[in-house]
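The C-terminal residue of the sequence shown carries number 611 in this note's numbering, and the numbering is unbroken.
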Amino acid sequence: MIAKQRTLFWQIFPVTLVIILGTIASVAWFGSRSIDDFYVGELRRDLENRAYLIKSRVGELLTSGDLAGLRSFVVDSGRAADTRITVVAADGTVLADTKENPGVMDNHRQRPEIDTAFSGVSGFSLRFSNTLGQRMLYGAIGLEERFKSEASIGDGNRVNTVLRVAVPVLAINSALSDINRELVIGTGGALLVAFVITFFVVRNISRPLEEMTRSAESYANGDFSQRMLINQKKTASREVAMLAAAMDRMAGQLDEKINTIINQRNQLETVFSSMVEAVIAIDREERIVSINGAAARMFGVRQQVAPGRLVQEVIRNVDLYDQLARILKTGEAFEDEIVLTRRGDNVYLHTNVVMLYGGDGRTVGALMVLNDVTRLRKLERLRSDFVANVSHELKTPITSIRGYVETLLDGALDDREHARRFLEIVLRQSEQLGTIIDDLLTLSRIEKDTKEAGVSFVAEKLSPVLHRALETCRQQAAGKQVTLTLGCPEQLVVRMNRTLLEQAVVNLLTNGITYSDPGDSVQVSVAEVDDPSRRLVKISVVDQGIGISKEHLPRLFERFYRSDRARNRKAGGTGLGLAIVKHIVQAHGGSVEVDSAIGAGSTFTITLPLG
């Protein structure tokens, strides 16, 4: 818009020239009109005098009814005076004319000068004559005489007649053309003088302002080093010099304040962008004013395009939108929690919503701070599940032990056969209880050592560790008629804690043997993986057992989680074996995965870094 605006010079200069030109043109037009009116007035008086000079003779010829003589007189008089003379009857019929045969001429009753003359007043008209092909001035006077026309000779009726005289106005046009030409020349000269004078006057006004504009543009670009007053020449007006001094003072103050604002803004932006919490600010119309990187990542939006758009256009979450609408409606701050669904998983967000106020104390919008508490909620759930599972797992053997002990105390102790069987059950339940406690202590020790860097790692061959794990499980496998096989490169070296890694593999082998049928096999295989960033090794334990349903796989490595509680407990497991595997692998900086389906067996894969 600014680029289309004209400079001060071109705003003043053309207007001044137009005013001067308009003034001169107006004077010339009025002068030309006055001269034209003067010439026409003189010519009208001359025409009227000419008409009155021949009025008597025309009247006599009309009275005598001598139309031939009338026409002859009109032609002779017109030629002598270089004047067109026309005599018109009351009905508009032309009786005589200097230039044309009356018999072929149109009816003249409606001619304006003739119509006026029939009313008893001299009539005049300035117009173009189609008969003569030039501009003419017509003058007409009325004649009231008795005459006999060819159409009514002898009727003796008294008729009204008009005598019209006309002359061309070429002389007037020529005089006016000369005058107009002189006026044009004079106007051009005056305009040239006005152009020069106006140019220098306007230039003297606009030049200091242009220099100030350049300094102001430097201010707009952030350069406040320019000063206006020192650039003003002595030709600048006092008002311009005062304005330049005021602008210089303003530039100094702006420079100081802008630097302060920039420093504060940078500090706020640093804090805003580095916040872990997601922050969203909106105005009263529910349009996003600002959104930090954490919020943009949380809701999957582009941080640069979000400001200015409606919340519901950018963030498609009904709960979040309802909370923002609520704060704008009530004005009361509150805390709440919303749940997002991201790639099939729930994300729990704690929200803190407050109003935003402007410098005048009026509300300008709302601010929402969102904190991802998903991990906290998950830990709370795990803790709750852990407490419930531990209580259940410990309560089962304790209840069984107490029941059998009470039975023995009630008299079964005297029955040696039943007493022995009951004591064997008590022994098995106490052993199960001890196993659970041992596994819990193992988990606790691994977690503690991992956090405190208490686990030592040594680079050594992997094959011997896996052989020892298989030997540990050989007796269990033989008891269920399950075959164990191992495929591992003999020279493969892995940085590991041999005791922990062996325990992890033993747990996976035990799990595979437990859920395999007689005649099945459990295979342990090792393969190197070339990852773009680092070298990895994968240890896979594959069984042909009953398999695990897909919905149980995500939680399979949680403590005490059982895909089939009754069957797992019957098999003698504690529900902690896979959790121990997960923590051991994580202590090695690796990961563990499971792939399984009902009736298709299971594959547990440990991935460890080779370095």
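For glycine and all other residues, C-beta sits at the position ideal for the given N, C-alpha and C.
If you drop the 5 nearest sequence neighbours on each side, which residues of the same chain put their C-beta closer than 8 Å to that of V364? Start at 1 with the first residue of the sequence shown, and residue 364 comes out as number 364. The answer, listed in chain order, is D283, R284, L356, Y357, G358.
Report all residues from its chain with a CB closer than 7 Å to the CB of L47; omit the five preceding and five following residues, and keep chain order. Along the sequence shown, read from residue 1 onward, the residue named residue 47 stands at position 47. Once the five neighbours on either side are set aside, the close Cβ partners of L47 are L137, G139, V165, V167.
Beta-carbon proximity of E286 to V311, cut-off 8 Å: One-based indexing of the sequence shown puts residue 286 at position 286. One-based indexing of the sequence shown puts residue 311 at position 311. Yes, they are a contact pair.
Which runs of the alpha helix (DSSP H) at least 4 residues long sit entirely within the stretch 150-230? Give them in chain order. 170-220
Grab the span of the alpha helix (DSSP H) containing S77 for me, first residue to last. Counting from one through the sequence shown, the residue named residue 77 turns up at place 77. That run of the alpha helix (DSSP H) goes 67-81.
Using a Cβ-Cβ cut-off of 6 Å (strictly less than) and excluding sequence neighbours within five positions of L43, which residues of its own chain qualify? Counting from 1 along the sequence shown, the entry for residue 43 is found at position 43. Once the five neighbours on either side are set aside, the close Cβ partners of L43 are L137.
N263 lies in the alpha helix (DSSP H); which residues open and close that run? Here residue 263 refers to the residue found at position 263 of the sequence shown. Here the alpha helix (DSSP H) through N263 covers 238-274.
What is the DSSP secondary structure of F604, reduced to helix, strand or coil? Position 604 of the sequence shown holds residue 604. Here F604 sits in strand by DSSP.
Straight-line CA distance for Q267 to A333? By one-based count along the sequence shown, residue 267 stands at place 267. By one-based count along the sequence shown, residue 333 stands at place 333. The alpha-carbon atoms of Q267 and A333 are separated by roughly 26 Å.
Can you look up V350 in the DSSP assignment and give me helix, strand or coil? In the sequence shown, counting from the first residue as 1, residue 350 sits at position 350. Per the sequence presented here, residue 350 reads as His, with Val not at that position. Looking at H350 - three-state DSSP - the assignment turns out to be strand.
For Q323 and R428, I'd like the C-alpha separation in whole angstroms. The residue given as residue 323 occupies position 323 in the sequence shown. The residue given as residue 428 occupies position 428 in the sequence shown. Computed Cα separation, rounded: 57 Å.
Give the DSSP-derived three-state secondary structure of I401 in the structure shown. Along the sequence shown, one-based indexing puts residue 401 at 401. Helix.
Please specify which runs of the beta strand (DSSP E), each continuous and at least 3 residues long, are wholly inside the stretch 486-568, giving them in chain order. 493-496, 521-530, 535-542
Let me know the secondary structure DSSP gives V305 once reduced to three states. Looking up residue 305 in the sequence shown gives position 305. Correct three-state label for V305: coil.
Three-state secondary structure (DSSP) at V18? As a position in the sequence shown, residue 18 is number 18, starting the count at 1. V18: helix per DSSP, three-state reduction.
Assess, as a yes-or-no matter, whether the stretch 187-198 is touched by the stretch 100-120 under the definition of 3 or more beta carbon pairs within less than 8 Å. no
Just how far apart, CA to CA, sit E337 and P307? If you number the sequence shown from 1, residue 337 lands on position 337. If you number the sequence shown from 1, residue 307 lands on position 307. Using only the alpha carbons, I get a separation of about 24 Å.
Drop a sphere of 10 angstroms on the beta-carbon of M242, count the other beta-carbons inside from all chains shown, and report buried for 16 or more, exposed for fewer. Within the sequence shown, residue 242 is the residue found at index 242, counting from 1. M242 is exposed by the Cβ-count criterion.
Starting from the C-beta of T510, find all residues in its chain whose C-beta is less than 8 Å away, skip the five residues before and the five after it, and write them out in chain order. For this step, residue 510 is matched to residue 510 along the sequence shown. The answer, listed in chain order, is C473, Q476, G577.
Drop a sphere of 10 angstroms on the beta-carbon of A68, count the other beta-carbons inside from all chains shown, and report buried for 16 or more, exposed for fewer. Within the sequence shown, numbered from 1, the residue matching residue 68 stands at position 68. By the neighbour-count rule (16 or more Cβ atoms within 10 Å), A68 is not buried but exposed.
For W10, the three-state DSSP class (helix, strand or coil): Walking along the sequence shown from the start, residue 10 turns up at place 10. W10: helix per DSSP, three-state reduction.
Just the C-alpha distance for V458 and V276, rounded to the nearest angstrom, thanks. Numbered from its first residue, the sequence shown carries residue 458 at position 458. Numbered from its first residue, the sequence shown carries residue 276 at position 276. Roughly 37 Å separates the two Cα atoms.
Whether L382 touches E551 by CB criterion (8 Å): Counted from its first residue, the sequence shown places residue 382 at position 382. Counted from its first residue, the sequence shown places residue 551 at position 551. Not a contact, by the Cβ cut-off of 8 Å.
Are the Cβ atoms of S549 and I598 separated by less than 8 Å? For the purposes of this step, residue 549 is taken as residue 549 along the sequence shown, with counting starting at 1. For the purposes of this step, residue 598 is taken as residue 598 along the sequence shown, with counting starting at 1. Contact: yes.
If we ignore side chains and look at the alpha-carbon of each, how far apart do G22 and D36 end up? The count along the sequence shown starts at 1 and reaches residue 22 at position 22. The count along the sequence shown starts at 1 and reaches residue 36 at position 36. Rounded to whole angstroms, G22 to D36 spans 21 Å at the Cα level.
Examine the Cβ distances between the stretch 91-100 and the stretch 169-186 and report whether three or more of them are shorter than 8 Å. no
Here's the rule I'm using: 16 or more other beta-carbon atoms within 10 Å means buried, otherwise exposed. How should E113 be labelled? Reading the sequence shown from its first residue, position 113 is the one you call residue 113. With 16 or more Cβ atoms within 10 Å of its Cβ, E113 is classed as buried.
Can you say whether K257 is buried or exposed, counting buried as having 16 or more other CB atoms within 10 angstroms of its CB? Along the sequence shown, read from residue 1 onward, the residue named residue 257 stands at position 257. Classification for K257: exposed.
Where L666 and T161 are concerned, what is the direct C-alpha to C-alpha distance, given to the nearest angstrom? Given that the chain is displayed from residue 1 to residue 611, the structure contains no residue 666 and the question cannot be resolved.
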